[in-house]
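**Student:** Before anything else, here's the structure in question.
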Amino acid sequence: MPLVAAAVCPHPPLLIPEVAGAAAAELDDLRRACHAAVTRLLDSGAAEVLVVGEGPQTLRHEPPFHGSLASFGLPVEPALGRLPAGSRPDLPLSLTIGTWLLGRARPESTPAVSAMYALAGETDPVACAELGARLGGEGDWALLVMGDGSACRGEGAPGYADPRAEAYDAGVAEALTDADLDALLDLDPELSAQLRVAGRAPWQVLAGAARAAGGSWRGELSYHAAPYGVAYFVANWERQ
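Residue numbers (our numbering): 1003 to 1242.
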């Protein structure tokens, strides 16, 4: 059955107030935009939700889902589903933040989150699109796409300043607003890696899934900014 809706969110650890600490208020607008986008996704009428984000290797995760932010010095372990005794967190950062967003929006996890996919950052665009085309189950489904834009927006950015970053991010923002599948699939893996983009592969999975579903799509971008020198986007796509 086809994809019927998608949401795009970033995955900075600072989205979680306990991680941000005294700086939590600085990302309140982003936090609200993500919450609204995920809530809208869960209200789409889809029978199941899938999540995709970048990770160190390509891997499908089955429920229950268990992540951790111990590497950031906090005992925060977002989870969805009943964890078995002795469960160890195994989600990469992108899916850990996705788990937190889903649990925050709807703790009872309805509709069901049936699988999460970590995607190696170097995965080529054709493979990303092919994965997107294979996703889905027996009923209508929705996709939560986790990914950051460039990390080179200024001297204080993790990747320092790169004059190409702003134009790259503007192109992504336009593609998400217009639900432009070709523009997302045309994102260059090499340039994306140079700009430390952590969303290129997941966005191309979205484009492949939307293309396989067919029909026309309406996009709405609710957030686009680069706090701390990293570009973040929040968007919703709905099938018309």
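From the three backbone atoms N, C-alpha and C, an ideal C-beta is built for every residue, glycine too. Just so you know, these numbers come straight off a predicted model, no measurement behind them.
Which residues bound the beta strand (DSSP E) around Cys-1154?
**Tutor:** The sequence position of residue 1154 within the sequence shown is 152, counting from 1. Element bounds for Cys-1154: n/a, residue is neither H nor E.
**Student:** Start and end of the alpha helix (DSSP H) containing Leu-1104?
**Tutor:** Within the sequence shown, the letter at position 102 stands for residue 1104. Leu-1104 -> alpha helix (DSSP H) spans 1095-1107.
**Student:** Would a C-beta distance cut-off of 9 Å place His-1013 and Leu-1137 closer than the cut-off?
**Tutor:** For the purposes of this step, residue 1013 is identified with residue 11 of the sequence shown, where counting begins at 1. For the purposes of this step, residue 1137 is identified with residue 135 of the sequence shown, where counting begins at 1. The answer is no: Cβ separation not under 9 Å.
**Student:** Quick check: Val-1010 and Leu-1208, are their CB atoms within less than 9 Å of each other?
**Tutor:** By one-based count along the sequence shown, residue 1010 stands at place 8. By one-based count along the sequence shown, residue 1208 stands at place 206. It is a contact, given that the beta carbons lie within the stated cut-off.
**Student:** With Val-1128 as the anchor, note down where its beta strand (DSSP E) starts and where it stops.
**Tutor:** By 1-based counting over the sequence shown, the position of residue 1128 is 126. Looking at the DSSP string, Val-1128 is not in any beta strand (DSSP E); the run it does join, the alpha helix (DSSP H), is 1127-1136.
**Student:** Exposed or buried, which one is Pro-1086 when buried takes at least 16 other CB atoms within 10 Å?
**Tutor:** Taking the first residue of the sequence shown as 1, we reach residue 1086 at position 84. Pro-1086 comes out exposed.
**Student:** Among the residues of its own chain, which have a CB less than 8 Å from the CB of Gln-1242, if the five just before and after it don't count?
**Tutor:** For the purposes of this step, residue 1242 is identified with residue 240 of the sequence shown, where counting begins at 1. Closer than 8 Å at Cβ, skipping near neighbours: Gly-1217, Ser-1218, Trp-1219 and Arg-1220.
**Student:** Any idea which residues DSSP pairs Tyr-1162 with across the strands?
**Tutor:** For the purposes of this step, residue 1162 is taken as the residue at position 160 of the sequence shown. Per DSSP, Tyr-1162 has no beta-bridge partner at all.
**Student:** What are the partner residues of His-1063, as DSSP defines its beta bridges?
**Tutor:** Translated into the one-based positions of the sequence shown, residue 1063 becomes position 61. In the DSSP output, where bridge partners are listed per residue, His-1063 has Met-1118.
**Student:** Who are the near neighbours of Ala-1049 in its chain, counting only those whose CB is closer than 7 Å to its CB and skipping five residues on each side?
**Tutor:** On the sequence shown, residue 1049 is found 47 positions in, with the first residue counted as 1. Around Ala-1049: Pro-1113, Gly-1141, Asp-1142 and Trp-1143.
**Student:** Just mark Arg-1090 as buried or exposed, buried being the case when its beta carbon has 16 or more other beta carbons within 10 Å.
**Tutor:** Translated into positions along the sequence shown, residue 1090 becomes position 88. Flag for Arg-1090 reads exposed.
**Student:** Are the stretch 1163-1182 and the stretch 1035-1044 touching, with three or more C-beta to C-beta distances below 8 Å?
**Tutor:** Taking 8 Å as the limit for Cβ pairs, the verdict is that the stretch 1035-1044 does not touch the stretch 1163-1182.
**Student:** So the alpha helix (DSSP H) Ser-1194 belongs to, where does it begin and stop?
**Tutor:** As a position in the sequence shown, residue 1194 is number 192, starting the count at 1. Note, Ser-1194: alpha helix (DSSP H), 1191-1196.
**Student:** Assign Ser-1073 to one of three DSSP states: helix, strand, or coil.
**Tutor:** Taking the first residue of the sequence shown as 1, we reach residue 1073 at position 71. Here Ser-1073 sits in helix by DSSP.
**Student:** Quick one: measure Cβ to Cβ for Leu-1071 and Ile-1018, integer angstroms, because I've assumed they're closer than 8 Å.
**Tutor:** Here residue 1071 corresponds to residue number 69 of the sequence shown, with the count starting at 1. Here residue 1018 corresponds to residue number 16 of the sequence shown, with the count starting at 1. The Cβ separation is near 7 Å, so the contact holds.
**Student:** In chain order, what residues of the same chain have a beta carbon less than 6 Å from the beta carbon of Ala-1153, not counting five sequence neighbours either side?
**Tutor:** Counting from one through the sequence shown, the residue named residue 1153 turns up at place 151. Ala-1159, Pro-1160, Gly-1161, Arg-1198 and Val-1232, listed in sequence order.
**Student:** By the three-class DSSP mapping on this structure, what secondary structure does Gly-1055 have?
**Tutor:** Stepping through the sequence shown from its first residue, residue 1055 is reached at position 53. Residue state, collapsed to three classes: strand.
**Student:** Is Ala-1131 near Arg-1213, with beta carbons less than 9 Å apart?
**Tutor:** In the sequence shown, counting from the first residue as 1, residue 1131 sits at position 129. In the sequence shown, counting from the first residue as 1, residue 1213 sits at position 211. Cβ atoms of Ala-1131 and Arg-1213: closer than 9 Å.
**Student:** Within the continuous alpha helix (DSSP H) that includes Arg-1084, where are the two ends?
**Tutor:** Stepping through the sequence shown from its first residue, residue 1084 is reached at position 82. Careful: Arg-1084 lies outside any alpha helix (DSSP H) and carries neither H nor E.
**Student:** Run the CB neighbour count on Ser-1194, radius 10 Å, all protein chains shown included, and call it buried at 16 or more, exposed below.
**Tutor:** Translated into positions along the sequence shown, residue 1194 becomes position 192. In summary, Ser-1194 is buried, with 16 or more beta-carbon neighbours lying within 10 Å of its beta-carbon over all protein chains present.
**Student:** Whole angstroms is fine: what's the gap from Gly-1151's alpha carbon to Gly-1057's?
**Tutor:** By 1-based counting over the sequence shown, the position of residue 1151 is 149. By 1-based counting over the sequence shown, the position of residue 1057 is 55. Near 15 Å, if we compare the C-alpha coordinates of Gly-1057 and Gly-1151.
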